[in-house]
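Asks:
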Amino acid sequence: MGRITFLYFVGILALSSIFGVDAESPYRYYDWEVTYGTISPLGVPQRGILINGQFPGPTIECDTNDNVIISIRNSLDEPFLMTWNGVWQRKVSWQDGVLGTNCPIPPHSNWTYTMQAKDQIGTYMYFPSTELHRLAGGFGAFIINKRSVIALPYTESAAAFTLLVGDWYKTDHKELQKKLDNGESMPMPDGLLINGDPSNTVFSGEAGKTYLFRVANVGTMTSINIRIQGHMMKLVEIEGSHVLQEIYESLDVHPGQSLAFLVTLHGSAKDYYIVASTRFDRTSIDATAILHYNGSDIGPSHPLPVGPTYQVHWSMKQARTFRWNLTANAARPNPQGSYRYGGIQVTKTIVLENSVGEVNGKLRYGVNNVSYVNPDTPLKLADYYGIPGVFDLNTSRDQPTPGPMISGTTVYGTELHDFAEIIFQNNETDTQSWHLDGHNFFVVAFGAGTWSPDVRRKYNMVDAVWRSTVQVYRNSWTAILVSLDNKGMWNLRSAIWHRQYLGQEVYIRVWNDEKSLFTESDIPPNALKCGKAANL
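Mature numbering (1 follows the signal peptide of the UniProt record, and there is no 0) puts the sequence shown at residues -23 to -1, 1 to 513.
(1) Can you name, in chain order, every residue of its own chain whose Cβ lies under 6 Å from the Cβ of PRO310, other than the five neighbours on each side?
(2) At the level of alpha carbons, what is the spacing between ASP149 and GLY25?
(3) In whole angstroms, what is the alpha-carbon distance linking ARG5 and GLU161?
(4) Using C-beta distances below 6 Å, list every residue in its chain close to PRO501, excluding the 5 sequence neighbours before and after it, in chain order.
(5) Helix or strand or just coil, what does DSSP make of GLY77?
(6) Report buried or exposed for PHE495, applying the criterion of at least 16 other Cβ atoms within 10 angstroms of its Cβ.
(7) Can you have a look at ARG191 and say buried or exposed, based on whether 16 or more other CB atoms are within 10 angstroms of its CB?
(8) Which value, in whole angstroms, describes the spacing of the CA atoms of ASP431 and ARG486?
(9) Who pairs with PHE104 in a beta bridge, going by DSSP?
(10) Pick helix, strand or coil for VAL126, following the three-state DSSP scheme.
(11) In or out: ALA305 buried (at least 16 other Cβ within 10 Å) or exposed?
(12) Starting from LEU413, follow its DSSP beta bridges and name the residues at the other end.
(13) Compare the beta carbon distance of HIS412 and ALA472 with 8 Å and say whether it is the shorter of the two.
(14) Would ARG297 be called buried (16 or more neighbouring beta carbons within 10 Å of its own) or exposed?
(15) Within the continuous alpha helix (DSSP H) that includes TRP291, where are the two ends?
(16) Am I right that TRP9 and SER52 are in contact with their C-beta atoms under 8 Å? What's the rounded C-beta distance?
(17) Spatial neighbours of THR178 within its chain, please: CB distance less than 6 Å, with the 5 preceding and 5 following residues excluded, ordered by chain position.
(18) Rounded to whole angstroms, what is the Cα-Cα separation between VAL328 and THR455?
(19) Hey, how far is the Cα of SER493 from the Cα of TRP88?
(20) How would you call ASN503, buried or exposed, if buried means at least 16 neighbouring beta carbons within 10 angstroms?
(21) Identify, in the order they occur along the chain, each residue of the same chain with its Cβ nearer than 6 Å to the Cβ of LEU505, setting aside the five sequence neighbours on each side.
(22) Exposed or buried, LYS435, counting other C-beta atoms within 10 Å across all chains shown (16 or more means buried)?
(23) Excluding the five sequence neighbours on either side, which residues of its own chain have a C-beta within less than 7 Å of the C-beta of LYS186, listed in chain order?
(24) Kindly indicate which three-state DSSP category SER315 falls into: helix, strand or coil?
(25) Looking only at its chain, what residues have a beta carbon closer than 7 Å to the beta carbon of GLY314, apart from the 5 residues adjacent to it on each side?
(26) Contact check, VAL336 vs ILE383 under 8 Å by CB: the rounded distance?
(27) Can you tell me where the alpha helix (DSSP H) with GLU152 in it begins and where it stops?
(28) Is VAL195 helix, strand or coil by DSSP?
(29) Classify THR387: buried if its beta carbon has 16 or more other beta carbons within 10 angstroms, exposed otherwise.
(30) Which one or two residues does DSSP pair with PHE418 in a beta bridge?
(31) For ARG259, which residues of its own chain have a beta-carbon under 8 Å away from its beta-carbon, when the five flanking residues on both sides are left out?
(32) So, do the stretch 265 to 280 and the stretch 393 to 406 have three or more beta carbon pairs nearer to each other than 8 Å?
(33) Tell me whether PRO381 is buried or exposed, calling it buried when 16 or more other Cβ atoms sit within 10 Å of its Cβ.
(34) Can you tell me the Cα-Cα spacing of ASN489 and GLY465, whole angstroms?
(35) Please say whether LEU358 and TYR484 have beta carbons closer to each other than 8 Å?
(36) Quick one: give me the first and last residue of the alpha helix (DSSP H) that ASP263 is part of.
And the structure:
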């Protein structure tokens, strides 16, 4: 190779790193316009957020390592951001789409996300991260398929179906936001939807064939149980991790979570109900879809399949049966074998207790009695440009702290490649759900009551599921272990969206002093600037 050719090759690689994409992988382009439109999911006309006129939004589908370029035109009357739940932004937290890393897209303007589906295969979702936009729509599925050279640990299905399940309000999202801003509590949802409809979605297949069902809970408040009349479900994937293939009659999916299971159409040729039900309430709300056998003219029959008991114990017991498939060779931290996380020394422990209280006479939620407030300048921009006064690593509480609720901007400082133990403590009577951007983590234990160090002996240190969103049952705790190997500023938030809106979130700064494009891409040339960084 001549010197000029070599330098050209190196230059192309450098540019690819700067823009956060892989020049050797295929590109997928999406051009979206975000608008308001009239929708009637529960029979009542209301304002919804549409993407290219669609509710729910279009499915993003790509193969692992593909470069995904999404141009968004914000035609709403207020700033807007989209986040990619569970899709890693490897080396590019600049594309995360939350207020701690991005300035929002102003009304009637464009911004382009540039990301790579690096080393991932699985079922994910996207949704708006600003205000309460998520309650109005704007969500959809993000599916990352395997490349042809990667073998799946199960027989490939005849087809794949995607189910976006979630709760829904008839009340306009701005009216709900006004209630929260005035200090009122969030009302209960009015119903459930499957792919934007409470009862009319149909999935068709051939008798004797096996189909993959991808399920994502895109709701904002409610844990959901999913089941199929007369059919068993073989769980195969949870948020990108292939799991031991246990058989279930029904599966719980908590807000922000996703999973995939196989169903073989072994019944008689007729239609069957697919049921999604609310969890942990004595009186459940249902949404239904239809599993249709091709050639059948017999409709589904009642009664609907009965869901599990509303008690937490059943759900916690099921969650403990989810185990990572250590023999699968799909995308994972160590493709050649199991990721031996049990042998890694923990370098940092953070205990996060979800809090509720009042600040200035209004209802707020928080962590360790600190209710998060977004500064005008995104944390990532402040960190990059060295802007003082935006956040202070020394003021963040990493243990439960008694006293009144206060406002603050909680950012935990960690070193690149720290191995952290995070405990979610829930002393409330509602089940919670938590999501970490930019990383997956090992869910090593669930337990009732209050966490204490002596329960570490009960951790699953071999094959805990590696995922990005975890439930924390009422009056209980959940323990996770996470390798902080993705440099950047990353959002750790409640997936119960009104709690996130009212301050139940923090950020984790994963950092080292080495400036290298191998650990973090540079600021993108189209980065929006706002706050104290507006003129930089």
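From the three backbone atoms N, C-alpha and C, an ideal C-beta is built for every residue, glycine too.
Replies: Taking the definition as stated:
(1) With a pLDDT of 48 at PRO310, under the threshold of 50, the modelled position of that residue is not reliable, and no figure is offered here.
(2) Between ASP149 and GLY25, the C-alpha separation is close to 8 Å.
(3) Approximately 43 Å between the Cα atoms of the pair.
(4) Taken in chain order, the residues that qualify are TRP71.
(5) Reduced to three states, the DSSP call for GLY77 is coil.
(6) By the neighbour-count rule (16 or more Cβ atoms within 10 Å), PHE495 is not buried but exposed.
(7) Around the beta-carbon of ARG191, 16 or more other beta-carbon atoms lie within 10 Å, marking it buried.
(8) Put simply, the backbone Cα of ASP431 is about 28 Å away from that of ARG486.
(9) THR60.
(10) Three-state result, VAL126: coil.
(11) ALA305 should be labelled buried.
(12) For LEU413, the pairing in a beta bridge is given by DSSP as LEU469.
(13) Between HIS412 and ALA472, the CB-CB gap stays under 8 Å.
(14) So ARG297 ends up on the exposed side.
(15) Residues 289 to 296.
(16) Taking 8 Å as the upper bound for CB-CB distance, TRP9 and SER52 are not in contact here, some 10 Å apart.
(17) Within the same chain, and ignoring the five residues on either side of THR178 in sequence, the residues whose Cβ sits closer than 6 Å to its Cβ are ILE171, ASN172, ALA266.
(18) Here the alpha carbons of THR455 and VAL328 stand approximately 10 Å from one another.
(19) Those two C-alpha atoms are separated by around 26 Å.
(20) Exposed, because fewer than 16 other Cβ atoms sit within 10 Å of the Cβ of ASN503.
(21) Counting only Cβ-Cβ distances below 6 Å, and skipping sequence neighbours, we find CYS80.
(22) Burial is judged here by how many other beta carbons sit within 10 angstroms of a residue's own beta carbon; LYS435 has fewer than 16 and is exposed.
(23) For LYS186, where only same-chain residues beyond five positions count, the Cβ hits under 7 Å are ALA135, LEU242.
(24) Here the model assigns SER315 a pLDDT of 46, short of 50, so the residue's position is not dependable and the matter cannot be decided.
(25) In this prediction, GLY314 has a pLDDT of 41, which is less than 50 and means its spatial position is unreliable; nothing more can be read from the coordinates.
(26) Distance from VAL336 to ILE383 at the Cβ level is roughly 7 Å; contact confirmed, criterion being Cβ atoms closer than 8 Å.
(27) Residue range 150 to 158 is occupied by the alpha helix (DSSP H) that includes GLU152.
(28) Assigned with DSSP and collapsed to three states, VAL195 falls in coil, not helix or strand.
(29) THR387 counts as buried, since no fewer than 16 other beta carbons sit within 10 angstroms of its beta carbon.
(30) Note: PHE418 sits in a beta bridge opposite ARG444.
(31) Excluding positions up to five away in sequence, the list reads TYR287.
(32) Verdict: no, contact absent.
(33) Under this definition PRO381 is an exposed residue.
(34) Distance between the alpha carbons of ASN489 and GLY465: 10 Å.
(35) Result no, Cβ atoms of TYR484 and LEU358 do not sit closer than 8 Å.
(36) Premise fails: ASP263 lies in the beta strand (DSSP E), 263 to 270, not in any alpha helix (DSSP H).
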